[in-house]
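>
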Amino acid sequence: MKALILSISLLFSLSIGGQNSDNELNKFTPFIQALYGFYNNILQEKVYLHFDNTSYYQDNNIWFKCYVVTSGQHQLSPCSKTLYVELLNPGGEIIDKRILKVENGQCYGEFTLNRLPFYSGFYEVRAYTKYMMNFGEDIIFSRLLPVFEKPKTEGNFEEKKLMKYGRWGIGKYPVIRKHPVKGEKANLRFFPEGGNLVQGIASRVAFEATDEIGNPIDVTGIVMDADKQKSAEFTSLHEGKGVFTYTPKEDKRKGRVEIEYSRKKYHFDLPESLPQGIVMEVDNLSYSDSISITLRRNTNTPVQLLCVAVLCGGKLNLQNSFFIRTENEETKLQIDKLGLPSGIVQVVLFNSLGEILCDRLIFSNRHHVLNTQAKTNKPVYFPLERVELEMTVTDRDTNPAGAVFSLSVRDATDEVEYKHTILTDLLLMSEIKGYVRNPSYYFEKDDEMRKEALDVLLMVQGWRRYPWRTPEEIAAFDLKYLPEQGIETKGKIISLVREKPQPNVFIELFLYELEQNELEQKIGLFENCISDKDGNFSLDFDLSGKWEVVFNIREKGKSKDHRVLLDRVFSPAPKRYQYTDLQLHIADKDMDSMIEDDEETEDNAEDADFDLFLQAYNDSSAKLGVKDKSVLLQEVIVKAKKNSKEQRILYNRSTSVTHYDVPAELYKINDSGKYIGNDFYELLANMNKNFDILDGALVYKNKVGDNMIPKPPLCVVNYGDRGYRKVQMELNTIKSIYVSESISAMAMYAPNNIKSPTGRYSCVIFIETYRKGEKMPISNTKGIQKTMLEGYSNSAKEFYSPDYSVLPPATDYRRTLYWNPMVMPNEEGKATIQFYNNSNCKNFSISAEGITNDGRFLVYNNSSFKTQIID
């Protein structure tokens, strides 16, 4: 044991005043071993996505490039080979997904915004590896993108119409994500450095001032002690954040702070102070080569041996960690910061039990950013003219850098600004929690003002990306998911009735590729395995596209009626929007706004053809059963274009509140462990929380005023002429379901004897079955279970870039003029790309981002490139 203590002492810089015994260091030994083993042997990953644009319109493509990096040195990750990228609508439903094969830490893909029903609003794109889910949902990449309705005038992108946030869930579509919360008119939060105020000890206290929706507000104020005597004045430094020094009285009474905002005074209590404890002050600004740490304790706090640990990117930095004895009331030490990597550094003061006494985040800037330049072959361009753009990438010593990067060139007119980059997200935003309006500000210049503002930001939003764990928590940590090396098929075999795990079951898998061309030969694969003692099994495949999987489950050569539960329900819950997320800043316009639609727009704003139908419906005396009273009118000839069935189908799909891919929903229900058999009502109740089964009847809760009123739905199969209260169908015959709350739909499909369809019915369920010739899923039989396996998404569509040297001139309203996820500079560090201007672009917006194998960042963002465009 003594040799082990000696080795640990050598790893740490031992700085202990007075005589120390081996027994004192022995107390730290188990924790240091667990801490070092966990943080340094458990690799963690991060993901960043670079997009081709900052906002989108209906029917646009969202193009993106993915970077998967290790969390420490931010090098392209060699671990996970599978990345999940999901598109969520404003209500939080996953409406599209890509499973991408990661090669050298990179991959790319696209989404198309053509899903019906479509609703404008803030869509979320999130990306993660399954391995990342071991460490909590907070670490996944998430980006909100404004998606606008099609402009009424083609090419008028100044028109930016979004559905109002507050109308979600009121006759629109299901809302899964939680609604944002407003605060008071002025809010002030306090963050004592290190964690706590201690009585009688001077502490630096960071603060953050925000308005009711979370936007920063600049304030000035005064600090008063418990006796209401003024002890300090302060002014916010940047974005409502700042710092002041405060010494609590040696009792439990709290101090107060007074600020004035919008001609009104506000008072806030300071946090409660502890009767004993340690205050840690960290100075990361005064010295270029070191970090100064000062520990202070009051006389009530006993002398003890503590450890100061430094963690960088989730790894314990042994060279800069210290044992320290707090014999004096103030103790100082220095940490060499020249060897620290770029990014967030966590300084933790803890005792021999692993309990945190103080905690502080600081930023280490090693300036690992490549120099990137852009120039065009001429200063002025005409509409539809070919543009030649040269990008040059070098290191700090002007040596060519062979960094593969993604490049977007956009029309800068009326562009929605976005102040995040691969640098700000991977080094800063992925490590802290909360809203930062302009993270690029902290990296635009390396001056003292920005360094101080960044230091205060980390005092305020110093949430730990890597949660601190005690030895007991480290021992209990369950690494549920390993880095995927392919399409992972994991599951469990359980008995049908009692749902008990079934060990030593022989499992045969037959895989058949779907979605092939008629001329292609059908491809099939065969695999087998045996479930372990807990009924689990696991297989990996390297597959692309969608595959039908048939499980044949046998014991002792006989088919067994067991169930297969696949472990593929791991998608995170949608995050809560904050009001600060729902703001847009338009380039060259001095405004921040929540863009919403007009208050007058309601659900009853139906298509003109259906308004005529409703009028005819309400005026029909036959419909109302009034046959003894009639009025003879003069003959009138009405001419109108009859809607085709295809038009009605398109209309009913586009005005529905939601859509379900029934086979996918059935797989999801089965994977979650539920069994619904062939029950249509149970299917609907599991898919949508607004459906319920009351006394054996299906009802749908539609919102009327502030109440959710349950009423029966009307079922329409394949858009026939009439709806039905009840349907009995084999679930494997149903392809998709649309749920519509449209008044006109209820009126159109209601039986003739129903006087008030909206009083009788809550919604219309449009059931689409498989057409003749389409492959229909086969029902499960004894020992046979069928499902669908989704492999890697097929190659992304090629970005369309017209060539007007071949094509005739045309009116061109492209907003993204060029997108390339894999630009490869030559040996001189140069890359030349060509594209054609659109019809009315006046300025280019250029965005290039990437990262090298050794963790150097490539960032180039110019939202108003100097080349002039003339009509």
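In terms of my numbering, the sequence shown is residues 848 to 1718. Just so you know, even glycine gets a beta-carbon here, dropped at the ideal spot from N, CA and C. Every value quoted in this text rests on a predicted model; they were computed, and no experiment measured them.
Just the C-alpha distance for Asp1444 and Lys1550, rounded to the nearest angstrom, thanks.
By one-based count along the sequence shown, residue 1444 stands at place 597. By one-based count along the sequence shown, residue 1550 stands at place 703. Reliability of the predicted coordinates at Asp1444 is poor, the pLDDT of 43 falling under 50, and the value obtained from them is presented with this limitation in mind. If I take the Cα positions, the gap works out to 21 Å.
> Check Asn1667 in the structure and name its three-state DSSP category.
Sequence index remark: in the sequence shown, residue 1667 carries index 820 (1-based). Correct three-state label for Asn1667: strand.
> In the DSSP assignment, the beta strand (DSSP E) including Val1509 goes from what residue to what residue?
By 1-based counting over the sequence shown, the position of residue 1509 is 662. That residue, Val1509, is in no beta strand (DSSP E); its alpha helix (DSSP H) goes 1509 to 1518.
> Which same chain residues end up closer than 6 Å to Leu1254 when comparing Cβ atoms and leaving out the 5 residues on each side of it in sequence?
Here residue 1254 is taken as the residue at index 407 of the sequence shown, counted from 1. Result list for Leu1254: Asn1667, Val1670, Ala1695, in chain order.
> Alpha carbon to alpha carbon, how far is Ala1322 from Pro877? Give it in angstroms, no decimals.
Counting from one through the sequence shown, the residue named residue 877 turns up at place 30. Counting from one through the sequence shown, the residue named residue 1322 turns up at place 475. Roughly 11 Å separates the two Cα atoms.
> Among Arg1213, Val1028, Phe875, Gly956, which residue has its Cα nearest to the Cα of Phe1704?
Along the sequence shown, one-based indexing puts residue 1704 at 857. Comparing Cα positions, the closest option is Arg1213.
> Does the beta-carbon distance from Lys977 to Thr929 come in below 9 Å?
Numbered from 1 along the sequence shown, position 130 holds the residue referred to as residue 977. Numbered from 1 along the sequence shown, position 82 holds the residue referred to as residue 929. A contact, by the Cβ cut-off of 9 Å.
> Between the Cα of Thr1094 and those of Arg1144, Tyr1113, Ile1138, Glu1055, spot the shortest distance and give me the residue it belongs to.
The residue labelled residue 1094 in the question sits at position 247 within the sequence shown. Closest option to Thr1094, Cα to Cα, is Arg1144.
> Please report the distance separating the alpha-carbon of Ser1211 from that of Leu1305.
Numbered from its first residue, the sequence shown carries residue 1211 at position 364. Numbered from its first residue, the sequence shown carries residue 1305 at position 458. The straight-line gap from Cα to Cα measures roughly 12 Å.
> Just to confirm my understanding: we take Thr1634, look at its own chain, exclude 5 residues before and 5 after, and list those with CB closer than 6 Å. What are they?
What you label residue 1634 is simply residue 787 of the sequence shown in a count that begins at 1. Within the same chain, Thr1634 has close Cβ partners Val1396, Tyr1514.
> Assuming Thr1219 and Val1240 are in contact, meaning their beta carbons sit under 8 Å apart, how far apart are those beta carbons, in whole angstroms?
Within the sequence shown, the letter at position 372 stands for residue 1219. Within the sequence shown, the letter at position 393 stands for residue 1240. Correct: roughly 5 Å between the Cβ atoms.
> Report the three-state DSSP secondary structure of Asp1701 (helix, strand or coil).
Within the sequence shown, numbered from 1, the residue matching residue 1701 stands at position 854. Of the three classes helix, strand and coil, the one that applies to Asp1701 here is coil, per DSSP.
> Going straight from the alpha carbon of Pro1649 to that of Arg1661, what length do you get?
Mapped onto the sequence shown, residue 1649 falls at position 802. Mapped onto the sequence shown, residue 1661 falls at position 814. The alpha-carbon atoms of Pro1649 and Arg1661 are separated by roughly 10 Å.
> Tyr883 and Val916 - do their beta-carbons sit closer together than 9 Å?
Translated into the one-based positions of the sequence shown, residue 916 becomes position 69. Translated into the one-based positions of the sequence shown, residue 883 becomes position 36. No, the Cβ-Cβ distance between Val916 and Tyr883 is not below 9 Å.
> At which residues does the alpha helix (DSSP H) containing Ile1321 begin and terminate?
As a working mapping, residue 1321 is identified with position 474 in the sequence shown. Per DSSP, Ile1321 belongs to the alpha helix (DSSP H) from 1318 to 1323.
> Short check: CB of Cys1688 to CB of Leu1664, under 9 Å?
Position 841 of the sequence shown, counted from the start, is the residue given in the question as residue 1688. Position 817 of the sequence shown, counted from the start, is the residue given in the question as residue 1664. Yes, Cβ-Cβ distance for Cys1688 and Leu1664 is below 9 Å.
> Under 9 Å between the Cβ atoms of Val1194 and Ala1250?
Here residue 1194 corresponds to residue number 347 of the sequence shown, with the count starting at 1. Here residue 1250 corresponds to residue number 403 of the sequence shown, with the count starting at 1. Not a contact, by the Cβ cut-off of 9 Å.
> Where Leu1152 and Leu1187 are concerned, what is the direct C-alpha to C-alpha distance, given to the nearest angstrom?
In the sequence shown, residue 1152 corresponds to position 305, counting from 1. In the sequence shown, residue 1187 corresponds to position 340, counting from 1. Computed Cα separation, rounded: 25 Å.
> From Ser1603 to Lys1558, what does the alpha carbon distance come to, in whole angstroms?
Walking along the sequence shown from the start, residue 1603 turns up at place 756. Walking along the sequence shown from the start, residue 1558 turns up at place 711. Spanning the two alpha carbons is a distance of roughly 13 Å.
> According to the neighbour-count rule (16 or more other Cβ atoms, all chains shown, within 10 Å of its Cβ), is Asn870 buried or exposed?
Here residue 870 refers to the residue found at position 23 when the sequence shown is read from its first residue. Classification for Asn870: exposed.
> Measuring straight from C-alpha to C-alpha, what distance separates Asn1700 and Val1150?
Within the sequence shown, the letter at position 853 stands for residue 1700. Within the sequence shown, the letter at position 303 stands for residue 1150. So the two alpha carbons sit approximately 47 Å from each other.
> Please give me, in chain order, every unbroken run of the beta strand (DSSP E) with length at least 3 that falls completely inside the region 932 to 1002.
If we require 3 residues or more, the beta strand (DSSP E) runs fully inside the region 932 to 1002 come out as 941 to 948, 953 to 959, 968 to 975, 988 to 995.
> Just the C-alpha distance for Lys1008 and Lys1536, rounded to the nearest angstrom, thanks.
The residue you call residue 1008 lines up with position 161 of the sequence shown. The residue you call residue 1536 lines up with position 689 of the sequence shown. So the two alpha carbons sit approximately 29 Å from each other.
> Is the distance from the Cβ of Arg1316 to the Cβ of Gly1201 below 9 Å?
Position 469 of the sequence shown, counted from the start, is the residue given in the question as residue 1316. Position 354 of the sequence shown, counted from the start, is the residue given in the question as residue 1201. It is a contact, given that the beta carbons lie within the stated cut-off.
> Where does Thr1448 sit, in a helix, a strand or coil, going by DSSP?
In the sequence shown, counting from the first residue as 1, residue 1448 sits at position 601. Because the pLDDT of Thr1448 is 40, which lies under 50, any placement of that residue in the model is unreliable, and the number read from its coordinates should be weighed accordingly. Three-state DSSP puts Thr1448 in coil, outside helix and strand.
> Within 10 Å of its beta-carbon, does Phe1373 have 16 or more other beta-carbons around it, so buried, or fewer, so exposed?
Numbered from 1 along the sequence shown, position 526 holds the residue referred to as residue 1373. It counts as exposed.
> Using a Cβ-Cβ cut-off of 6 Å (strictly less than) and excluding sequence neighbours within five positions of Lys1380, which residues of its own chain qualify?
Working through the sequence shown from its first residue, we reach residue 1380 at position 533. Closer than 6 Å at the Cβ level, and outside the excluded window around Lys1380, lie Pro1350.
> Which residue marks the beginning of the beta strand (DSSP E) containing Lys1393, and which one marks its end?
Within the sequence shown, residue 1393 is the residue found at index 546, counting from 1. That run of the beta strand (DSSP E) goes 1393 to 1402.
> DSSP on Lys1008, reduced to helix/strand/coil?
For the purposes of this step, residue 1008 is taken as the residue at position 161 of the sequence shown. DSSP places Lys1008 in coil when its eight states are reduced to three.
> Does the pairing of the region 1026 to 1033 with the region 1047 to 1061 give three or more beta-carbon distances under 8 Å?
Touching, yes, given that three or more Cβ pairs across the two stretches are closer than 8 Å.
> Nearest to Val1126 by CA position, among Ser1378, Gly1041, Arg1100, Arg1207, is which residue?
Here residue 1126 refers to the residue found at position 279 of the sequence shown. Residue Gly1041 is the option with its Cα nearest to Val1126.
> Please give the ranges of any beta strand (DSSP E) in the region 1074 to 1137, keeping only runs that are unbroken, at least 3 residues long and fully inside the region.
You should have 1077 to 1082, 1088 to 1093, 1103 to 1108, 1111 to 1116, 1125 to 1130.
> Lys1582 lies in the beta strand (DSSP E); which residues open and close that run?
Position 735 of the sequence shown, counted from the first residue, corresponds to residue 1582. Counting along the chain, the beta strand (DSSP E) containing Lys1582 begins and ends at 1581 to 1587.
> Alpha carbon to alpha carbon, what distance is there between Ile1614 and His921?
In the sequence shown, counting from the first residue as 1, residue 921 sits at position 74. In the sequence shown, counting from the first residue as 1, residue 1614 sits at position 767. Going by the C-alpha atoms only, they are around 49 Å apart.
> Below 9 Å between beta carbons: does that hold for Ser1591 and Pro1560?
For the purposes of this step, residue 1591 is taken as the residue at position 744 of the sequence shown. For the purposes of this step, residue 1560 is taken as the residue at position 713 of the sequence shown. No, the Cβ-Cβ distance between Ser1591 and Pro1560 is not below 9 Å.
> With a threshold of 6 Å on Cβ separation, who are the neighbours of Arg1100 within its own chain once the five nearest residues in sequence on each side are excluded?
Looking up residue 1100 in the sequence shown gives position 253. Here the set comprises Ala1073.
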